[in-house]
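Chains as they are written, first to last, in my numbering: chain A, 13 to 762; chain B, 13 to 762.
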């Protein structure tokens, strides 16, 4: 078994000389009998690179960022080495590809968003009535050109005869839409359910889930999102739109090999697609980019940012051209408050922030807990086999209860727009601007907020596409408007009270609409723990520049309170609950351990020796063990680390050899010396990571995490004086971190 | 010399056992005779951490991010281990500090910016006249309440008698201001000169330049910025304001030890301060954050972003409350175009983008080259000893030439605001809106643009605070307005031309003001190569949401063309020219080398052995060699790597021992065994980095750079089987990268 080397030769790997260690590397082509390289020609390049060839990633494995980035650099170098005009054109073409892809992804996301807006609006209106003049028109277009105060005669509501008929029609349509959606999801694309943000975040973090961003998910999620939105369920389309945009961002770039072959590059496009998704969901291109940067992406270079910005902008422009609501504006809930806020109002705003985030059984973090508990329950209980009935039940409840209160009946975007508005010029949004009756209105708003809250908890996590942004905003806005009306009434009845000293006489002082806006931000912040991106999105949503400061302070309050009580935002909570392999930067502060306490010690590792193996022995190894990879050592005696080969690549090398009908006793090794003069041999050096990242076993774990996080490696080998002592995989790190109770983020974010 | 260990013992460091390697680490307290630890108690903590204690960073050295972050984590862990209420309060107080600091920095930056605006406006107006009713009023306040078309009688211009008197007064005041500024800079704070952005970027990248952000720089830069702006020199206040904000961000946090003691944490505050600087310079808080993220900062966590946003917002609010221009608006150059842009205009916009960036001897990159050449010339030629005369000469030229053309005479912000405006409602900005005379106006604008260009090249780099943002915007706006007028005239004279088919009859079609805005973005982009942040800043500056798309496309064009011809933006150019140790992520694509080709080989390294040294021998080593640090090996025979000790820490350990009057033959080593039973000994283990990052000598250089960049280390040791083969420092990497011609970024940014 390859005994040509002295047992004591500790320098027995392929480096011939210390003083010119690069000599071999510069001439990396392995010598084969007859000068024929049995593997394809590209292979030789990789030996210099040192990270080994990668066949492809298996499903549910993490990607090796450092390898993929190295591969990309290698590719670009090769491109630049092409001489002459052809080379220049190749470089240019390569460069253009990235821009074409993000443009196409952005435009496609805009078109899908615009189309689904139109479709869901029409279907949603059908529940309440139909257009007498043209059935294919929704209420807005049916009554086009009429003032809000006029009565539209072309639109015939189902309840024009009796209330009961309208009620029944409403429920029947809602149930039809919702169950169809659930059926489609369960039958054709189970990945289409839910918000998709936690999973997309995990994928962006380097996890491979095939089909999660596939064509069937794209189609089914788009169709079912329209249906479930139209059904009037308490859900948002923002998260699902991000997921849909990422599906587009996953499918389109694959026409170019450079993206298809490189999972790390694919994730750069996906980051851009995520920006586009938020951009079209909120009409907020800058907010989309910042959201992608802050909440979603793992690596976000300045180039990725520029591509994302372009993608988000293309999506916003496409959406604006489609103009699904015929408003000719990108600013969805444009508000124009005539009055600035007063200092005393800050107190009430902060109250909203505290409520939005409080863990005191009210909303916000409570939400997250209930949801996670429900999601866990669904995973284990009998409910998981009745998802369609479950949707049916929740939808029945939603429609039956929702119809009774105007604030739960109207579609969320319309409701939100009206809640944000100021009562000026005789407008009367759902009775919000009536004179008197404030108490009843407040009760109606509060009950709507409560009902929405319960329904949202029930809905989020059903087997249909369902986002959380819009419902949390609606709950917050309803609550905020109620508070605003209370404060307004208080001020009107006690104008002399010291708190209202800054109010001018005879001029309206309190703007309830602004409380709704601030409340929406507070509750959304409490649920998602977004920060900068939330402020920017609120700003782009409403155009209310003067309210940036209150919104900011409220988001801060909400985040601080939420952090102090709860643990993480809903998306990170789901990632933890589902055990997705996502490595968060924030958790490192608690670790007081060293690498040696986390590593799998060398005694428990199966290693491959650099020499002495045969085709059969390696094949047996793969059959007998099921590890994802194997460290390669010089010999079992000295345990000198030579490299690391992952299962997939070793499998590929063996299969390749089998395909060539090589005999089972063919020698296999890192470098097979020519001395042996065997008819054939297998050098697995090509597929081996020859320069794995190694650390001392005394390395502190928090720094090991920094290495995993920042370099994006999948494994780290612990050595001492070149000897293998242990192996740490990303999974080991995640397990270790999970075994330690998470600190409250508040304390680590200072 | 410590021959107690067998020469063949290759496992001779301090780890007793493979199977429980953490045993020693968990009991790290070195044993001293009599149980007394000669060093302070905190020391023991650091042994676990493994990166060694750090005394302080020398001037002009790079910081060790990984060490500083580890130290911070260690500190937070200690904080959390405090029991009871006192512990809770300590944690809370620690958390609050960060917010107090960014709030204070933001507010201070806003106040300084507002104050300097008021001062420079008043001084600037003094050049042209004085307020008859109250000398301390500037023109604006002197003529407060009057329409722009009215004549203001209270304001007496110097040229009210004759043109020549006004001319002479203008020049005399300008010279007075400029030379005073130059004198102050040269005498009290040489660091106050220039823009400061390249240096701040280098500092944020982890370089230590003491006093660059010191109090004297802050004071002198603020005063001289006011003077040089008032002198009417062709310079901007944006870069200097960023520098000033960073001075504040460097001085204020030092009241809290946690920032003072941790250079990495300081840089997080500096990132926030940079955001505040741009926020007050442009009235663009979001743009400030994105600028800091995109252009300035090295590491930018989501917490840093949130702190930066808060800081930028606080600065903007403070500035708004001061309201130096009494406009009650944060949007500095608010525009409200009545008309949207037309498709055909995109062609002209892109032309502006190409011109803004072109390397064809016109502007943009040409600027950079000229500037860098001039800067290099200044460094070597006799000019460097006559900086004040130089300022005098340039100022004389600026004032003498500038006074003759209205577009070069008025202060830049006023000019820019007027160039951006639409000619509606009979307004007449500097004759821009006169009927007829388009040819003359175009010539006047173009010549002003040319003159400004030459003057800016001469001014940028003088011994006074001078930014480049505003002048490049002004040049672009002048040029853009000229192009706009040309296109407008063309359209008016040939309304039937196919290009103008989309214009409606009898309605103004072309808005020259929008060309000025787009031109400003194009030229600023061409000079600085900013991308997303530039678009956001333009948007926040003007509020022109409808023009985001043209601005974006123009910035893209400008960047692409600039990248294709030139190499880098002006700030990166200066960093390269001055040889600042800034490690850019973008340059890695060209490297096809391995670590062994870059490392200083072991033969050329001076190492310290873990045993066998004495106090005197180490002292001699430090006297005889001048390296920044020394790898520690087990013995010279086996060269087994044990750790790395930097010069500063070794010096400190020796000085500490000398202070205790230890004899020169005191044994010194990594771990001194108790066997020897000497009366005293020195263990430098406490100051040693026991777990340095090691790589294989075959590691590809591009990945070594990733390690330097992402982990923020100062050195990497190359080993093979535990033996030291070489050392790579950050300087080696920078030298290696500089030795390879830089690729054009265009090709790497796809």
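Note that CB positions come from ideal geometry on N, CA and C, so glycine has one too. Remember, predicted model here, so these are calculated numbers, not experimental data.
What residue range is occupied by the uninterrupted alpha helix (DSSP H) comprising residue i?
i: residue 154 of chain A; result: 151-154
i: residue 182 of chain B; result: 175-200
i: residue 645 of chain B; result: Premise fails: residue 645 of chain B lies in the beta strand (DSSP E), 641-645, not in any alpha helix (DSSP H).
i: residue 488 of chain B; result: 481-505
i: residue 678 of chain A; result: Run containing residue 678 of chain A: none; DSSP gives neither H nor E here.
Less than 8 Å between the beta carbons of residue i and residue j, yes or no?
i: residue 725 of chain A; j: residue 705 of chain A; result: yes
i: residue 483 of chain A; j: residue 530 of chain A; result: no
i: residue 122 of chain A; j: residue 256 of chain A; result: no
i: residue 539 of chain A; j: residue 582 of chain A; result: yes
i: residue 210 of chain A; j: residue 477 of chain A; result: no
i: residue 488 of chain B; j: residue 355 of chain B; result: no
i: residue 411 of chain A; j: residue 195 of chain A; result: no
i: residue 178 of chain A; j: residue 414 of chain A; result: no
i: residue 163 of chain A; j: residue 193 of chain A; result: no
i: residue 644 of chain B; j: residue 620 of chain B; result: yes
Taking 6 Å as the limit between beta carbons, can you name the residues of its chain near residue i, skipping five residues before and five after?
i: residue 746 of chain A; result: 593
i: residue 327 of chain B; result: 118, 121, 122, 288, 291 and 292
i: residue 435 of chain B; result: 445
i: residue 94 of chain B; result: 102
i: residue 324 of chain B; result: 287, 288, 291, 297, 300 and 301
i: residue 404 of chain B; result: 191
On the criterion of 16 or more Cβ atoms from any shown chain inside 10 Å, does residue i qualify as buried, or is it exposed?
i: residue 638 of chain B; result: exposed
i: residue 363 of chain B; result: buried
i: residue 86 of chain A; result: buried
i: residue 329 of chain B; result: buried
i: residue 78 of chain B; result: buried
Closer than 7 Å by C-beta to residue i: which residues in its own chain qualify, once you throw out the five before and the five after it? Chain order, please.
i: residue 103 of chain A; result: 91 and 92
i: residue 261 of chain A; result: 117, 281, 282, 284 and 285
i: residue 150 of chain B; result: 133, 134 and 137
i: residue 500 of chain A; result: 522 and 524
i: residue 223 of chain A; result: 203 and 229
Where does residue i fall in DSSP's three states?
i: residue 346 of chain A; result: coil
i: residue 549 of chain A; result: helix
i: residue 236 of chain A; result: helix
i: residue 701 of chain A; result: strand
i: residue 264 of chain A; result: helix
i: residue 620 of chain A; result: strand
i: residue 69 of chain A; result: coil
i: residue 765 of chain B; result: Outside the shown range of chain B (13 to 762) lies residue 765 of chain B, about which nothing can therefore be said.
i: residue 444 of chain B; result: coil
i: residue 771 of chain B; result: This structure leaves residue 771 of chain B out entirely; chain B is present only between 13 and 762.
i: residue 806 of chain B; result: The shown model of chain B, from 13 to 762, leaves out residue 806 of chain B, and the question about it has no answer.
i: residue 295 of chain A; result: coil
Along the chain, where does the beta strand (DSSP E) that runs through residue i open and close?
i: residue 730 of chain B; result: 727-732
i: residue 314 of chain A; result: Note, residue 314 of chain A: premise wrong, no beta strand (DSSP E); alpha helix (DSSP H) at 314-334.
i: residue 450 of chain B; result: Where residue 450 of chain B is concerned, there is no enclosing beta strand (DSSP E), although the alpha helix (DSSP H) it sits in stretches over 450-471.
i: residue 221 of chain A; result: No beta strand (DSSP E) contains residue 221 of chain A, which DSSP labels as neither H nor E.
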